[in-house]
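Residues in the sequence shown are numbered consecutively from 135, following the numbering used here.
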Amino acid sequence: MVTINLWFNIVAVGLGTYCLGKTNVQEIHNVIRLICCLAGLYFTYDTYKEIMVLKRYIFVPHHLLSYIFVYKFYFIQDKILIRAAPFLLVCTETSSMIINVRVQLEKNKTLTRRIDIIFLIVYAILRNLIVTPGLYKIKQGNDLLWNSWLCILLMSNAWIIQWSKNILGAKSQSPPLKGEE
Numbered sequence: 135m136v137t138i139n140l141w142f143n144i145v146a147v148g149l150g151t152y153c154l155g156k157t158n159v160q161e162i163h164n165v166i167r168l169i170c171c172l173a174g175l176y177f178t179y180d181t182y183k184e185i186m187v188l189k190r191y192i193f194v195p196h197h198l199l200s201y202i203f204v205y206k207f208y209f210i211q212d213k214i215l216i217r218a219a220p221f222l223l224v225c226t227e228t229s230s231m232i233i234n235v236r237v238q239l240e241k242n243k244t245l246t247r248r249i250d251i252i253f254l255i256v257y258a259i260l261r262n263l264i265v266t267p268g269l270y271k272i273k274q275g276n277d278l279l280w281n282s283w284l285c286i287l288l289m290s291n292a293w294i295i296q297w298s299k300n301i302l303g304a305k306s307q308s309p310p311l312k313g314e315e
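See the structure below:
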């Protein structure tokens with residue numbers, strides 16, 4: 135199941151990276167719409183998997199909030215937001231990809247403490263110091279998007295705290311990060 139998560143991450147990061155060099159707003163928006171369609175399918179699949187297969191509900195709120203992003207970016211007309219979308223997408227999906235790669239390494243018993251710490255730091259930087267200020271800059275007129283992100287950010291930071299405790303060897307359970315089955 136992690137494989138599907140990773141493929142979605144790779145496709146989203148690849149298409150987002152493709153758009154970074156584009157100047158034509160319509161072309162960027164067309165690719166963003168494609169990504170939104172893929173994301174809608176992915177979040178539906180992943181929500182179903184989380185509820186029906188894994189009997190785990192912790193990611194359902196995250197997925198519901200992500201649907202807001204999918205909807206907003208599919209129908210967005212604001213050129214500033216369209217131009218910002220590829221960068222934000224690359225950062226958020228790269229952080230998600232880190233989690234999925236981490237899970238794969240852990241399953242294969244090749245996750246070292248050093249790699250885990252690097253992943254944690256990069257994840258925290260992407261979510262807290264890059265995406266959040268990037269979205270804050272375009273907050274004006276995008277309150278629903280901003281408030282949805284704040285909820286996702288709170289969840290991300292709760293997972294960062296759990297992840298940190300796990301690395302430090304605290305007697306806490308491994309964080310329920312995406313892809314863990």
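For glycine and all other residues, C-beta sits at the position ideal for the given N, C-alpha and C.
Original post:
Less than 7 Å separating the beta-carbons of Ile-232 and Tyr-257?
Top reply: For the purposes of this step, residue 232 is taken as the residue at position 98 of the sequence shown. For the purposes of this step, residue 257 is taken as the residue at position 123 of the sequence shown. Yes, they are a contact pair.
**OP:** Might you give, ordered along the chain, the residues of its own chain that have their beta carbon closer than 6 Å to the beta carbon of Pro-250, omitting 5 neighbours on each side?
**Re:** Mapped onto the sequence shown, residue 250 falls at position 116. Per the sequence shown, residue 250 should be read as Asp rather than Pro. These residues qualify, in order along the chain: Ile-301.
Original post:
Under the rule that 16 or more other beta-carbon atoms within 10 Å means buried, what is Arg-261, buried or exposed?
Top reply: Within the sequence shown, numbered from 1, the residue matching residue 261 stands at position 127. Buried, by the Cβ-count rule.
Subject >> Range covered by the alpha helix (DSSP H) that runs through Gln-274 >> reply: Here residue 274 corresponds to residue number 140 of the sequence shown, with the count starting at 1. Segment: none, Gln-274 is in no alpha helix (DSSP H) and carries neither H nor E.
**OP:** Would you check if the distance between the CB atom of Val-136 and the CB atom of Glu-227 is smaller than 7 Å?
**Re:** The sequence position of residue 136 within the sequence shown is 2, counting from 1. The sequence position of residue 227 within the sequence shown is 93, counting from 1. Pairing Val-136 with Glu-227 gives a Cβ-Cβ distance that is not under 7 Å.
Subject >> Inter-residue Cα distance where the pair is Gly-150 and Ile-216 >> reply: Walking along the sequence shown from the start, residue 150 turns up at place 16. Walking along the sequence shown from the start, residue 216 turns up at place 82. For Gly-150 and Ile-216, the gap between their C-alpha atoms comes out near 11 Å.
**OP:** Compute the beta-carbon to beta-carbon distance between Leu-154 and Pro-195, rounded to the nearest angstrom, for a pair I have assumed lies under 8 Å.
**Re:** Residue numbering aside, residue 154 sits at position 20 when the sequence shown is read from its first letter. Residue numbering aside, residue 195 sits at position 61 when the sequence shown is read from its first letter. About 30 Å; that fails the 8 Å criterion.
**OP:** Classify Val-187 as buried or exposed, calling it buried when 16 or more other Cβ atoms lie within 10 Å of its own Cβ.
**Re:** Looking up residue 187 in the sequence shown gives position 53. Exposed, by the Cβ-count rule.
Subject >> Residues near Tyr-179 in its chain [Cβ-Cβ closer than 8 Å; skip 5 each side] >> reply: Within the sequence shown, the letter at position 45 stands for residue 179. Here Tyr-179 has Ile-138 as same chain residues with Cβ atoms under 8 Å from its own Cβ, once five neighbours each way along the sequence are excluded.
Subject >> alpha helix (DSSP H) runs contained entirely in the stretch 156 to 244, provided each spans 4 or more residues >> reply: Correct list: 159 to 182, 194 to 209, 213 to 241.
Original post:
Distance, Cα to Cα, Glu-314 vs Asn-143?
Top reply: For the purposes of this step, residue 314 is identified with residue 180 of the sequence shown, where counting begins at 1. For the purposes of this step, residue 143 is identified with residue 9 of the sequence shown, where counting begins at 1. Bear in mind that the predicted position of Glu-314 carries a pLDDT of just 48, short of 50, making it unreliable; the figure below should be weighed with that in mind. Glu-314 and Asn-143 have their alpha carbons spaced roughly 15 Å apart.
Original post:
Whole-angstrom Cβ separation of Leu-254 and Ser-298, contact assumed at under 8 Å?
Top reply: Position 120 of the sequence shown, counted from the start, is the residue given in the question as residue 254. Position 164 of the sequence shown, counted from the start, is the residue given in the question as residue 298. Here Leu-254 really is in contact with Ser-298; their C-beta atoms are around 7 Å apart, less than 8 Å.
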